[in-house]
Amino acid sequence: MSARAYFDWNATAPLRDEARAAMLAALDVTGAASSVHSEGRAARALVEKARGQVAALAGAEAKSVIFTSGATEANMLALTPDLVVLGKRVVCDRLIVSAIEHASVLGGGRFAADNVGLLPVTGEGVVDLNALRAALAEGGRALVSVMHANNETGVVQPIAEIAGIVHEAGGVLHVDAAQTAGRIDCAIGSLGADMLTISSHKLGGPQGAGALVLNGPQPAAPVIKGGGQERGFRAGTENVAGISGFGAAAEATARSRQAAATRMAALRDRFETHLNAELPGAVIFGAGMPRLPNTSLVAVPGLKAETALIAFDLNGIAVSSGSACSSGKVGASHVLAAMGVEPALAAGAIRVSLGWTTTEADVEILLNAWKKVVATLLKRHAQAA
Ligand code: PMP
Numbered sequence: 042m043s044a045r046a047y048f049d050w051n052a053t054a055p056l057r058d059e060a061r062a063a064m065l066a067a068l069d070v071t072g073a074a075s076s077v078h079s080e081g082r083a084a085r086a087l088v089e090k091a092r093g094q095v096a097a098l099a100g101a102e103a104k105s106v107i108f109t110s111g112a113t114e115a116n117m118l119a120l121t122p123d124l125v126v127l128g129k130r131v132v133c134d135r136l137i138v139s140a141i142e143h144a145s146v147l148g149g150g151r152f153a154a155d156n157v158g159l160l161p162v163t164g165e166g167v168v169d170l171n172a173l174r175a176a177l178a179e180g181g182r183a184l185v186s187v188m189h190a191n192n193e194t195g196v197v198q199p200i201a202e203i204a205g206i207v208h209e210a211g212g213v214l215h216v217d218a219a220q221t222a223g224r225i226d227c228a229i230g231s232l233g234a235d236m237l238t239i240s241s242h243k244l245g246g247p248q249g250a251g252a253l254v255l256n257g258p259q260p261a262a263p264v265i266k267g268g269g270q271e272r273g274f275r276a277g278t279e280n281v282a283g284i285s286g287f288g289a290a291a292e293a294t295a296r297s298r299q300a301a302a303t304r305m306a307a308l309r310d311r312f313e314t315h316l317n318a319e320l321p322g323a324v325i326f327g328a329g330m331p332r333l334p335n336t337s338l339v340a341v342p343g344l345k346a347e348t349a350l351i352a353f354d355l356n357g358i359a360v361s362s363g364s365a366c367s368s369g370k371v372g373a374s375h376v377l378a379a380m381g382v383e384p385a386l387a388a389g390a391i392r393v394s395l396g397w398t399t400t401e402a403d404v405e406i407l408l409n410a411w412k413k414v415v416a417t418l419l420k421r422h423a424q425a426a
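Structure (structure tokens):
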């Protein structure tokens, strides 16, 4: 089989060696983390070690980390009208989310659908801050949820500024950092977020683990009721191996983040420079904005992403069309629609996302495949027209 190159790191990343080792060790620990005997205490020690490792990544105290089954569940836990703020129960009248959020936030969490408002974004994919100010001025207490960086475009949102606006209006801010944790600094304090979501499998931990990190305000009610684990926020016997792998990956990430970011940005820029030179009509979304170092969302006029993804796969390349193919189907991107991109152009958008093991050779394979696939498909589409 010819060489394959994986460029879908925003969907999921390979397991880090450190995570695999931690998981294998944890699988041999017999106890449940809530049991008082020594087997149980051994499991508890692994969970608490991981809590410290994830807390360090988020610049938080260990006790602020609540483990969940992933970012989707962490978002569900965070997005509740019932909060405790400064020790007092408060009810948020509304949830305000940006139009480019992940489906797990757009779903509105535990708010009634009527109480969820959408914030528009600019053509470059940045949340419209004036619209945020106007939405907050409508009165009542709002919970606002804005992602740290978008999973399709990689555009980083001005979270610190958003935090200032939300707090000034007496609101609470949740930030989905599923795409940024381990890639850029996501310390909860410097972001100014009240609650922060992290996913394990985007940073080299296993799938099926994640965390909500708290910085003051907290949900008043559990996301899963039952045995009272995770300080009552999330019942169920802890996924000790998954949590251990998550913790080990978080620690490894924190050590290598800056060097990896520099390398990925150089490779991504090389891809984009070649692309601009070879395909002058190609559009790179959000290119002028602060972006994640690993992400490039590109549309070639006349190309259809659904056929291109298959052609790339046959040529050894794993890319995606963005978040819209989570069910295996390629649909229109709600992110590009919110950015006002013409549906015909959006239909040709391909997301290339890199990671810490991506090499120059991988980018070479990608560029060669790109030339071949795009030329063949554009010719075919032109003949069919
Ligand atoms: N939020 C964002 C921004 C994401 O990109 C993803 C994963 N695609 C999620 C949430 C969901 O993460 P998980 O798979 O851990 O539930």
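Start counting the sequence shown at 42; every next residue gets the next number (my numbering).
Just so it is clear, CB atoms sit at the ideal spot from N, CA and C, and this is done for glycine as well.
1) Can you check whether the CB of G246 is closer than 8 Å to the CB of N335?
2) Is D49 near ligand 1, with its Cβ less than 7 Å from a heavy atom?
3) Express the C-alpha separation of I229 and S145 in angstroms, rounding to a whole number.
4) Per the DSSP calculation, T238 is bridged to which residue(s)?
5) Quick test of your reading: V168 and L177, contact by CB under 8 Å. State the CB separation rounded to the nearest angstrom.
6) For K266, collect the residues of the same chain with a Cβ closer than 7 Å to its Cβ; drop the 5 residues on either side in sequence, then sort them by chain order.
7) In angstroms with no decimal places, state the Cα-to-Cα distance between R61 and G286.
8) Within the continuous alpha helix (DSSP H) that includes T113, where are the two ends?
9) Got a sec: does ligand 1 put a non-hydrogen atom nearer than 7 Å to the Cβ of T398?
10) Please classify T294: is it buried, with 16 or more other beta-carbons within 10 angstroms of its beta-carbon, or exposed?
11) Suppose you measure from the CA of H375 to the CA of L232; what does that come to, to the nearest Å?
12) Would you mind sorting L184 into buried or exposed? The rule is 16 or more other CB atoms within 10 Å of its CB.
13) Below 8 Å, how does it come out for the region 384-392 and the region 337-344: are there three or more Cβ pairs, yes or no?
14) Would the C-beta of M188 count as close to ligand 1, meaning under 7 Å from any of its heavy atoms?
15) With a cut-off of 8 Å on the beta carbons, I'd call A219 and T238 a contact; round off their distance for me.
16) What residue does the beta strand (DSSP E) around G158 start on, and which one ends it?
17) Would you tell me roughly how many angstroms separate the C-alpha atoms of A346 and L338, rounded to the nearest one?
On the basis of the data shown:
1) Here the question's residue 335 lines up with position 294 in the sequence shown. Here the question's residue 246 lines up with position 205 in the sequence shown. Note that the C-beta distance between N335 and G246 is not below 8 Å.
2) Your numbering for residue 49 matches position 8 in the sequence shown. No, the Cβ of D49 stays beyond 7 Å of every heavy atom of ligand 1.
3) Here residue 145 refers to the residue found at position 104 of the sequence shown. Here residue 229 refers to the residue found at position 188 of the sequence shown. Using only the alpha carbons, I get a separation of about 20 Å.
4) Position 197 of the sequence shown, counting from 1, holds the residue named residue 238. According to DSSP, which records beta bridges pairwise, T238 is partnered with D217 and L253.
5) As a first step, residue 168 must be located in the sequence shown, where it is residue number 127. As a first step, residue 177 must be located in the sequence shown, where it is residue number 136. Their Cβ separation, rounded to whole angstroms, is 13 Å, which puts V168 and L177 out of contact at 8 Å.
6) For the purposes of this step, residue 266 is taken as the residue at position 225 of the sequence shown. Shown here for K266: same chain residues with a beta carbon closer than 7 Å to its own, the five before and five after excluded, namely A276 in chain order.
7) One-based indexing of the sequence shown puts residue 61 at position 20. One-based indexing of the sequence shown puts residue 286 at position 245. Answer to the nearest angstrom: the Cα atoms are 6 Å apart.
8) For the purposes of this step, residue 113 is taken as residue 72 along the sequence shown, with counting starting at 1. In the DSSP assignment, T113 falls within the unbroken alpha helix (DSSP H) covering A112 to A119.
9) Against the sequence shown, residue 398 aligns to sequence position 357. Relative to ligand 1, even the nearest heavy atom lies 7 Å or more away from the CB of T398.
10) To locate residue 294, count along the sequence shown from 1; it is residue 253. By the neighbour-count rule (16 or more Cβ atoms within 10 Å), T294 is buried.
11) Stepping through the sequence shown from its first residue, residue 375 is reached at position 334. Stepping through the sequence shown from its first residue, residue 232 is reached at position 191. Straight-line measurement puts the Cα of L232 at about 26 Å from the Cα of H375.
12) As a first step, residue 184 must be located in the sequence shown, where it is residue number 143. With 16 or more Cβ atoms within 10 Å of its Cβ, L184 is classed as buried.
13) Output reads yes: the region 337-344 touches the region 384-392.
14) Taking the sequence shown and counting its residues from 1, the one referred to as residue 188 is at position 147. At least one heavy atom of ligand 1 is nearer than 7 Å to the Cβ of M188, so yes.
15) Within the sequence shown, numbered from 1, the residue matching residue 219 stands at position 178. Within the sequence shown, numbered from 1, the residue matching residue 238 stands at position 197. Their Cβ separation, rounded to whole angstroms, is 6 Å, which keeps A219 and T238 in contact under 8 Å.
16) Residue numbering aside, residue 158 sits at position 117 when the sequence shown is read from its first letter. Where G158 is concerned, the enclosing beta strand (DSSP E) stretches over V157 to L160.
17) Reading the sequence shown from its first residue, position 305 is the one you call residue 346. Reading the sequence shown from its first residue, position 297 is the one you call residue 338. Roughly 12 Å separates the two Cα atoms.
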